[in-house]
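Undergrad: One structure coming up, written as structure tokens, with questions to follow.
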Amino acid sequence: MGRRSKLRRGGRAITAIPGGFLHLSLLASLRRRPSLQAHAQLLLLGLPLPAPTASRLLRPHLRSGNPSASLRLFLRVLRDRRPCPVDSQEDVPDSRSFSAALAACSRHASPSPGFSIHAFLLKSGFASDVFAANSLLHFYGSFGLHSLARNLFDEMPARDTVSFNTLISSYVQSCCINDAFEVFRIMVESGLRPDGWTVTALLGACAELQDLRAVKAVHGVARRMLEPQVFHSGEVATSLVDAYVKCRGMELARQVFDLAEDNARNARLWTTMVSGYARAQEFDIAQRLFHEMPEKDTVAWTALIGGFVRAGRYKEAVVLFEEMEGAGFEADEATIVTVLSACVGYGNIDLAKRLHCLVGHDGLINRNAKLATTFVDMYAKHGCIQTAQEVFSGVDDDFKTLELFNAMINGLARCKFGEKAIALFDGMGSLGLRPDKITFVGVLSACRHSGLVSQGFHIFDSMEEKYGVKPEIEHYTCMVDLLARDGQLDNAYIFIQNMPIKANSVMWSSLVRACMLHGNIKVRKLAEEQLLRLDPNYKPENLPLSNLFSEGKRKERTARMRKFLNHKPVAKTGISVSATHTFHPQTKLINLMLVGQLIFTGHGMSGDNTVHHIEMVAIAFGFERCKANGLKTFVFSVDMHRKCNDCIKKINDGMKRISLSDGVEWADLMVDKAEVEVVGTTDPEKLCCLLREVTKKHVKIRTENTVSEAGSATSQQTKGSFIGTHFLWRAQVE
């Protein structure tokens, strides 16, 4: 007697034996409708599964997203198969099981299993079967093996429309457009009639070419050769509209849309039209069409939101997303990625964090590298580097990608965490990831921002030797800036001279600024000459003060420079000079600029307060403002809980963190006023985000435009001062 198995159901044991009632019932169920649940019951009971029945389970396993299980089951079919009569329907494997197995091979990491099945097809006599041969064409096309696919296609004794469609689609997906149209020509000459799949594939090829004339030609072919019900179907209409949209033929796309029958106007067709108008930045028409949609879905909302984001209209994108949530639609991955781009542009960190919580509940962000990359990039750009690191660390190692590492390394570099960026760079190899040129730009930027000279050169030298990445101008610029920031100006100049590529204006500007800071007039002179040759339109306010060369033998050079740059008189600058300006957070830097002519001490100014000296103060402060892209003062009112010591310490520690941020020159807490004063060039929204990270409070900005003491916004000159306008940003912490 066969082996008995017991299945406990409802508190009592059911005995199942091979060939028994339960076994035969499950097999009959599988023959009628293949079910993974019935297969699981057979495995649980240890009952045998005949090869013909097993072959019916290949497709269900494939549809469930488990191609490996489908391949293992196919191998079992080959192992357990038995000879059957020639006309028997139970003979396996057949063309359908081969097709399912090849579809599973198309999703495998390597084409090797497919090669083995191709060899078995040749050996077993199925090579002439059109159904199996078409599956082989799809397999080779999915791996981009077009030469093998074309050889197989040419050797096929019989070909049908599916054979041509499969080869055309594989060519289009690999951007082999000419080959796709060549196969279509052979199809027409062989007397086969194209169907909807043929036209859809050809329209995709035209869209890749962005050739409007080609789209019109395919449109005409479709009208002449397709059956009326096929031509007026939703698939063909959507493909036509999509092709016209991508070729910027919105009027023709609208004509196709208006002529489409009601059964062809599905949600996808409406969404394609809305997306087309949004891409063309015709938002009034796009929104009107969107509101006319009979049934909206998340894809349609995302298409319109994405149009606003691409146009830089971030606020409207955020408002539209809030309307989408109010209408009861749930955001999917594509929607979240699109809205996060709007959050970065609009500075809405609160919405970004809410989206983070939304995708964090089900663990989606830990398994989705694209989504995690977007969050890491967004948090890093807003200065929330610790939150960005938490997102990065939460992603499983199996799902981490090169793009995710690049976003995290660049974020650490931007926030001056050089050693952490290098450690992350070194850890990429353990996951089998090789850095690219973007990775090296990020890690070298981290080295230059943190002053890690030796580590920077070690990484730079390993680019081509170890990783095979040829350095480009961005990498050389990082190295020059790294040396210049460290004060090695002579070495930086020698490095530029020995470079295999020509230096650009960005590189020379970096060297000029470093020379200004460190007082190296010799190298600075050489760098400025090269800079003027590369950029004749360089503005005088973007150069270091020419007055530093106004003594002795440098008077002649000063005159030539002023004449060459068409330098305007200082009296027209409109820069206000006051006591607050003389006690600037970067007084040391201004001293270096005015060395020998003006010295700052404390709150006052030593030396004679002559017009010349005041003019020099105005020039120096104005140049520093221009060089830093507009220095501003930010004043944040903070609630310190009656100025308790713990609060003061917490905010003071936070100010130290903010002072290390990119674009922040100086930050301090004024306890008596319960205010935080920050001086820098960074965006105020970013400062609010940084301050919120410290205080865990909501930050709201209120902007004021204040006028200097004289009360006049019109620049005018008196004997001892300048009058002008300056700006003060105030942010209220609630």
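With the numbering used here, letter number 467 in the sequence shown gets 465, and the count goes up by one each step, no holes. From the three backbone atoms N, C-alpha and C, an ideal C-beta is built for every residue, glycine too. None of the values given here were measured: they were computed from a predicted structure.
1) Leu73 bridges to which residues according to DSSP?
2) Considering only residues of the same chain and omitting the five flanking positions on each side of Phe397, which have a CB-CB separation below 6 Å?
3) Taking buried to mean at least 16 other C-beta atoms within 10 Å of its own C-beta, is Gly466 buried or exposed?
4) Report the start-end ranges of each alpha helix (DSSP H) in the stretch 202 to 265 that is 4 residues or longer and not cut off at the edges.
5) Would you decide whether Gly345 is buried or exposed? Buried here means 16 or more other CB atoms lie within 10 Å of its CB.
6) For Leu60, I'd like the list of residues in its chain whose CB is within less than 7 Å of its CB, leaving aside the five on either flank, ordered along the chain.
7) With DSSP as the reference, please indicate the residues paired to Val662 in a beta bridge.
8) Val478 and Met461 - do their beta-carbons sit closer together than 9 Å?
9) With a CB to CB cut of under 6 Å and the five nearest residues on each side skipped, what residues in its chain are close to Ile363?
10) DSSP has Leu667 in a bridge; who is on the other side?
11) According to DSSP, simplified to helix, strand and coil, what is Gln495?
12) What does the Cβ neighbour count give for Leu134, buried or exposed, with the cut at 16 atoms within 10 Å?
13) Using the three-state DSSP reduction, which class does His106 fall into: helix, strand or coil?
14) Using 8 Å as the cut-off, can you tell me whether the stretch 113 to 125 makes contact with the stretch 160 to 180, which would need three or more C-beta pairs spanning the two stretches below that distance?
15) Run through DSSP, which three-state label would Leu287 get?
16) Compute the Euclidean distance between the alpha carbons of Met185 and Ala235, then round it to the nearest angstrom.
17) Which same chain residues, not among the five before or five after Glu472, have their C-beta less than 8 Å away from its C-beta?
18) If Leu287 sits next to Met271, beta carbons under 8 Å apart, how far is it from one beta carbon to the other, in whole angstroms?
19) Who are the near neighbours of Ala378 in its chain, counting only those whose CB is closer than 8 Å to its CB and skipping five residues on each side?
20) Taking contact to mean 3 or more Cβ pairs, one atom from each stretch, closer than 8 Å, check whether the stretch 192 to 201 and the stretch 213 to 230 are in contact.
21) For the alpha helix (DSSP H) holding Arg157, just list the boundary residues, first then last.
22) With DSSP collapsed to three states, give me the class of Asp282.
23) Pull up the CB-CB distance for Leu353 and Val374, whole angstroms please, since I reckon it's below 8 Å.
24) Write down the C-beta distance between Gly247 and Leu210 rounded to the nearest angstrom, noting that I regard them as a contact closer than 8 Å.
25) With DSSP as the reference, label Phe306 as helix, strand or coil.
26) Should the stretch 307 to 315 be regarded as contacting the stretch 332 to 340, the criterion being three or more beta carbon pairs within less than 8 Å?
27) Note the first and the last residue of the continuous alpha helix (DSSP H) segment covering Ala130.
28) Between the alpha carbons of Phe182 and Glu249, how many angstroms are there, rounded?
29) Do you know offhand how far Leu685's Cα is from Gln384's?
30) Assuming Thr437 is part of the alpha helix (DSSP H), what are its boundary residues?
31) In this structure, does DSSP put Cys341 in helix, strand or coil?
32) For a test of the three-state rule: what should DSSP assign to Arg191, helix, strand or coil?
33) For Phe373, report the span of its alpha helix (DSSP H) as first-last.
TA: Looking at the atomic coordinates:
1) BP columns for Leu73 are empty, so no partner.
2) Non-local beta-carbon contacts of Phe397 in its own chain, meaning distances under 6 Å to residues more than five positions away in sequence, involve Arg365, Ala367 in chain order.
3) exposed
4) For secondary structure counted as the alpha helix (DSSP H) over 4 or more consecutive residues, the stretch 202 to 265 holds these complete runs in sequence order: 210 to 223, 226 to 229, 232 to 244, 248 to 257.
5) buried
6) Ser68, Ala98, Ala101, Ala102
7) Gly678
8) no
9) Val357, Leu369, Ala370
10) Val674
11) helix
12) Leu134 is classed as buried because its beta carbon has at least 16 other beta carbons within 10 Å across all chains shown.
13) coil
14) no
15) helix
16) 23 Å
17) Lys435, Val439
18) 6 Å
19) Excluding residues up to 5 positions away in sequence, Ala386, Ala405, Met406, Asn408, Gly409, Leu410, Arg412, Cys413 lie with their Cβ nearer than 8 Å to the Cβ of Ala378 in the same chain.
20) yes
21) Annotation for Arg157: no alpha helix (DSSP H) segment contains it, and DSSP assigns it neither H nor E.
22) helix
23) A Cβ-Cβ separation of about 14 Å leaves Leu353 out of contact with Val374 under the 8 Å criterion.
24) The beta-carbon distance between Gly247 and Leu210, rounded to whole angstroms, is 5 Å. This is short enough to meet the 8 Å contact definition.
25) Secondary structure of Phe306 (DSSP, three-state): helix.
26) Cβ pair count under 8 Å is three or more, so yes.
27) 128 to 140
28) 28 Å
29) 15 Å
30) 435 to 448
31) helix
32) coil
33) That run of the alpha helix (DSSP H) goes 367 to 379.
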